[in-house]
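Using my numbering, you'd call the opening residue of the sequence shown number 30 and step up by one each time.
Each residue gets a CB set at the ideal place from its N, CA and C atoms; glycine is no exception.
Below: one structure, written as structure tokens.
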Amino acid sequence: MPKCEDGQVELPSQTLCQATRAPCTIVERERGWPDFLKCTPDRFPEGCPNEVQNIKFNSSGQCEAPLVRTDNPKSWYEDVEGCGIQCQNPLFTEKEHREMHVYIAAFSSVTIFCTFFTLATFVADWRNSNRYPAVILFYVNACFFVGSIGWLAQFMDGARDEIVCRADGTMRLGEPTSNETLSCVIIFVIVYYSLMSGVIWFVMLTYAWHTSFKALGTTYQPLLGKTSYFHLITWSIPFVLTVAILAVAQVDGDSVSGICFVGYKNYRYRAGFVLAPIGLVLIVGGYFLIQGVMTLFSIKSNHPGLLSEKAASKINETMLRLGIFGFLAFGFVFITFGCHFYDFFNQAEWERSFREYVLCEANVTIATQTNKPIPECEIKNRPSLLVEKINLFAMFGTGISMSTWVWTKATLLIWKRTWCRLTGQSDDQPKRIKKSKMIAKAFSKRKELLRDPGRELSFSMHTVSHDGPVAGLAFDINEPSADVSSAWAQHVTKMVARRGAILPQDVSVTPVATPVPPEERANLWVVEADVSPELQKRSRKKKRRKKKKDEVCPGPEHHAGGSVDPPPSSSAVPRLPRLPLQPCGVAGGPWDGRSPRAIVPHLISNPFCPESGTPEDEESPGPSGGCWQTWGRRAGLAPIHSRTNLVDAELLDADSDF
Numbered sequence: 030m031p032k033c034e035d036g037q038v039e040l041p042s043q044t045l046c047q048a049t050r051a052p053c054t055i056v057e058r059e060r061g062w063p064d065f066l067k068c069t070p071d072r073f074p075e076g077c078p079n080e081v082q083n084i085k086f087n088s089s090g091q092c093e094a095p096l097v098r099t100d101n102p103k104s105w106y107e108d109v110e111g112c113g114i115q116c117q118n119p120l121f122t123e124k125e126h127r128e129m130h131v132y133i134a135a136f137s138s139v140t141i142f143c144t145f146f147t148l149a150t151f152v153a154d155w156r157n158s159n160r161y162p163a164v165i166l167f168y169v170n171a172c173f174f175v176g177s178i179g180w181l182a183q184f185m186d187g188a189r190d191e192i193v194c195r196a197d198g199t200m201r202l203g204e205p206t207s208n209e210t211l212s213c214v215i216i217f218v219i220v221y222y223s224l225m226s227g228v229i230w231f232v233m234l235t236y237a238w239h240t241s242f243k244a245l246g247t248t249y250q251p252l253l254g255k256t257s258y259f260h261l262i263t264w265s266i267p268f269v270l271t272v273a274i275l276a277v278a279q280v281d282g283d284s285v286s287g288i289c290f291v292g293y294k295n296y297r298y299r300a301g302f303v304l305a306p307i308g309l310v311l312i313v314g315g316y317f318l319i320q321g322v323m324t325l326f327s328i329k330s331n332h333p334g335l336l337s338e339k340a341a342s343k344i345n346e347t348m349l350r351l352g353i354f355g356f357l358a359f360g361f362v363f364i365t366f367g368c369h370f371y372d373f374f375n376q377a378e379w380e381r382s383f384r385e386y387v388l389c390e391a392n393v394t395i396a397t398q399t400n401k402p403i404p405e406c407e408i409k410n411r412p413s414l415l416v417e418k419i420n421l422f423a424m425f426g427t428g429i430s431m432s433t434w435v436w437t438k439a440t441l442l443i444w445k446r447t448w449c450r451l452t453g454q455s456d457d458q459p460k461r462i463k464k465s466k467m468i469a470k471a472f473s474k475r476k477e478l479l480r481d482p483g484r485e486l487s488f489s490m491h492t493v494s495h496d497g498p499v500a501g502l503a504f505d506i507n508e509p510s511a512d513v514s515s516a517w518a519q520h521v522t523k524m525v526a527r528r529g530a531i532l533p534q535d536v537s538v539t540p541v542a543t544p545v546p547p548e549e550r551a552n553l554w555v556v557e558a559d560v561s562p563e564l565q566k567r568s569r570k571k572k573r574r575k576k577k578k579d580e581v582c583p584g585p586e587h588h589a590g591g592s593v594d595p596p597p598s599s600s601a602v603p604r605l606p607r608l609p610l611q612p613c614g615v616a617g618g619p620w621d622g623r624s625p626r627a628i629v630p631h632l633i634s635n636p637f638c639p640e641s642g643t644p645e646d647e648e649s650p651g652p653s654g655g656c657w658q659t660w661g662r663r664a665g666l667a668p669i670h671s672r673t674n675l676v677d678a679e680l681l682d683a684d685s686d687f
């Protein structure tokens, strides 16, 4: 009441009236001031002393819920000095908070488990898994794994309040600030940086698929020298975006999600720093993904004769998986865009409803003191909890879908081998090997053989590499559909030794210079192969059929001295001759009755025609002996150097069993 003294009333000053209205600007904007607070000059004269304002009261004012008292001007609610919004989001009830926290805990746990399993699978077989483009999935899953840790950090004791709340109990807005802890900023960096890195790695993955599929069937390696640029782009762009967000101080806390993120308060920053990069990723990554699928479809449709049965099957499987993966990726991104647009279009209405709710709660106090009817206050328009759940499902679902690429049979075999290695058990699972890899391995040892021609070389199919955990990303269009045959495995060293591949070819020395005694054959090269019983049976049948065929170049039935024709060659390739053996190494053959002096000059002069040109043949009755002729690309070539120490003297043409 105004001071009354000597029959006069001391009117309050104009300054006091203005000071009274200053903390409650929201009343003037929303409802207007009552008559007694309009600060008219007749009631509040100017120039009067303002002694009342210096009076100290034994009680202070309070803020009505959902506002709380704070002395930090950055925490004040708009037009309400000294009061800020409580840390727990008033747009959601306490029950909805608990429901959302359980939802986040469940999906983030599933995501972190799936991504960790993927990372562990890659690490368990890193030697074979560290290959592009498959290894890009390792980095994608690593990003979502780290991001899931950021989401689960709120479930530590007292961590959620530390992350999303300030020390005065208000909601964190406009972080970072100098007088608050860095827990909010740290969680934001973990979640946002890992999310942006993961989506950019998705673009690199689709680009790598596109270029790799285009190079199928060629020796060109499109990713050679480009992988370092992948890392440079993928790690630097999210870093720049993160620093920019921190520079403009637009990191806000949210008690519903339990993390700090960009643009919870100002949706324009969320659109610029979240939706714009994700939309660009969707366009670029979708283009490369569609081009990759079209490339595989073109290979399958236009070149069916070049594809083996297994390669064609892998192409079909890869196209199916890429189609499902692309559908999920596009679907999750569209869901994310839809949820964010829902927030953007309704945020103004939600804020208006909340403002009316704050005014209603302020009138409750006045009505209580003046014995007037107490109004019922509620927030009429609130965000849907279901939309928030769908948005989080899209994010966690993306991480889970990235981990599904290792849900293959190859992953089971990797963990089986890892378990056997850890427990010291033997792994009897046969390993398949590509023929090109076996040849390359033999060829890589040519220098060792040059220094020591008698060196024993062993090529075991158990020591070769195997497929990585990612399905459908490593295949050749000419990949065989069956295991390596025993005939091919036995002749791999001879094939590598042809034409001076291992040792320099010396045309001046004939194959007879260093004959191989039978007792030394056990020390020659060994090719170990896991051949199935079915292939062995098929090989025996093939040999029996070849024995029934006529010889390639039949000679005279009888020679002088009662000699008979040599037995037909056991080689599966009759186009090239069997090199002659020493008399002491073969019994019962056509060379038994001949002297070494007659045989050696003849072989040196004509090593590929052992049945012609000798004195014995000239005197023998009957038709002249036949000569094995070398046809095809072997015709006219010099003999192979004898130091190659072939297991058998027969030569295989490039178009024979391999």
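Inset, instruction - Locate the beta strand (DSSP E) running through I403, then write down its first and last residues. - result: Per DSSP, I403 belongs to no beta strand (DSSP E) and is neither H nor E.
Legend entry - Proximity of W230 and C172 at Cβ, strictly below 8 angstroms: yes
Inset, instruction - Check whether the Cβ atoms of I178 and I133 sit closer than 8 angstroms, and answer yes or no. - result: no
Inset, instruction - Would you check if the distance between the CB atom of R189 and the CB atom of G113 is smaller than 8 angstroms? - result: no
Legend entry - Span of the alpha helix (DSSP H) around G426: 414-432
Legend entry - Proximity below 8 angstroms, CB of R384 to CB of D281: no
Inset, instruction - Within 10 angstroms of the Cβ of Y168, are there 16 or more other Cβ atoms? Answer buried if so, exposed if not. - result: buried
Inset, instruction - Please classify Q37: is it buried, with 16 or more other beta-carbons within 10 angstroms of its beta-carbon, or exposed? - result: exposed
Legend entry - C-alpha gap between K294 and N392, whole angstroms: 27 angstroms
Inset, instruction - Can you grab the Cα-Cα spacing for the pair G203 / M185, in whole Å? - result: 24 angstroms
Inset, instruction - Classify Y161 as helix, strand or coil using the three-state DSSP reduction. - result: coil
Inset, instruction - Taking Q37 as part of the beta strand (DSSP E), name the residues at either end of that continuous run. - result: 37-39
Inset, instruction - Give the DSSP-derived three-state secondary structure of R98 in the structure shown. - result: strand
Inset, instruction - Could you give the DSSP three-state label for W436: helix, strand or coil? - result: coil
Inset, instruction - Answer yes or no: do P70 and S42 have a C-beta to C-beta separation smaller than 8 angstroms? - result: no
Inset, instruction - In angstroms with no decimal places, state the Cα-to-Cα distance between Q47 and C116. - result: 31 angstroms
Inset, instruction - Can you grab the Cα-Cα spacing for the pair T427 / L357, in whole Å? - result: 8 angstroms
Inset, instruction - Buried or exposed for D35, please, with buried defined as at least 16 other CB atoms from any protein chain shown within 10 angstroms of its CB. - result: exposed
Inset, instruction - Just confirm the distance between the C-beta atoms of Y161 and T256, as a whole number of angstroms; I'd bet it's less than 8 angstroms. - result: 6 angstroms
Legend entry - Secondary structure of V285, DSSP reduced to three states: coil
Legend entry - Length-filtered (4 minimum) alpha helix (DSSP H) runs lying within the segment 126-177: 155-158
Inset, instruction - Report the three-state DSSP secondary structure of Q115 (helix, strand or coil). - result: strand
Legend entry - E204 - partner residues in DSSP beta bridges: V280
Inset, instruction - Decide if the segment 306-318 is in contact with the segment 228-245; the criterion is three or more beta carbon pairs, one per stretch, under 8 angstroms apart. - result: yes
Inset, instruction - Taking 8 angstroms as the cut-off, decide whether the C-beta atoms of I328 and I353 are in contact. - result: no
Inset, instruction - Ignore the nearest five residues each way along the sequence and tell me which others in L414's own chain have a CB closer than 6 angstroms to its CB. - result: E125
Legend entry - Distance between K576 and P639 (C-alpha atoms, nearest Å): Because the pLDDT at P639 is just 45, under 50, the model does not fix this residue reliably, and the value given afterwards should be weighed accordingly. The alpha-carbon atoms of P639 and K576 are separated by roughly 21 angstroms.
Legend entry - Chain-order list of residues whose beta-carbon lies under 7 angstroms from that of F136 (same chain, five-residue window excluded): L421, F422, F425
Inset, instruction - For F259, name the three-state secondary structure that DSSP assigns. - result: helix
Inset, instruction - Would you give the residue range spanned by the alpha helix (DSSP H) that A182 belongs to? - result: That residue, A182, is in no alpha helix (DSSP H); it is neither H nor E in DSSP.
Inset, instruction - Report the three-state DSSP secondary structure of C53 (helix, strand or coil). - result: strand
Legend entry - Boundaries (first-last residue) of the alpha helix (DSSP H) holding C213: 212-243
Legend entry - Whether S241 touches G176 by CB criterion (8 angstroms): no
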